[in-house]
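Notes to accompany the following structure.
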């Protein structure tokens, strides 16, 4: 395990998170483009939790862990909100031009693997995302 952090569901907390992600990416050997992809995807995932799971209420708990596993930097993001219906987590049609709503698309595009895991005791949601230093990842569709 490289790092584990917990923070509240306030967008201002993401600044520190982005710094931690950059340091972890350097340890994992990610180049600048892959590092930028990691930071953007995880930031989007956290904003999805803040906006959709916690409804912009600043007191929700978010936990993030970073680990190196089999050539990948693995991010696990946990919240304690109501469980999401994984089948309903989809990117909107890119032809639907309007502000916002591209978080899932960006996460799927930028990360090599994304999937929801069964959260440990206590409920909530657990999203696992992987990015490989050499870009030879697996499936990049959010799945349950």
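Numbering (our numbering), first residue to last: 1014 to 1157.
Glycine is no exception: its CB is placed at the ideal position from the N, C-alpha and C atoms.
Secondary-structure assignment with DSSP links residue 1081 through a beta bridge to 1086.
With contacts defined as CB atoms closer than 8 Å, residue 1144 and residue 1046 fail to qualify as a contacting pair.
In the structure shown, residue 1092 adopts extended strand secondary structure according to DSSP, grouped into three states. Residue 1043 carries a coil assignment under DSSP once its states are collapsed to helix, strand and coil. Every alpha helix (DSSP H) of 4 residues or more that sits fully in the region 1018 to 1066 is shown, in chain order, as 1027 to 1041 and 1045 to 1061. Here residue 1141 has 1089, 1128 and 1130 as same chain residues with Cβ atoms under 6 Å from its own Cβ, once five neighbours each way along the sequence are excluded.
Nearest to residue 1042 by alpha-carbon distance, out of 1082, 1019 and 1116, is 1082.
DSSP, reduced to helix, strand and coil, places residue 1016 within a strand of the structure shown. In terms of CA proximity to residue 1094, 1059 leads the group 1059, 1126 and 1115. In the structure shown, the three-state DSSP call for residue 1138 is strand. In the DSSP assignment, the residues bridged to residue 1130 are 1139. One thing to note: residue 1074 has its Cβ no nearer than 8 Å to the Cβ of residue 1139.
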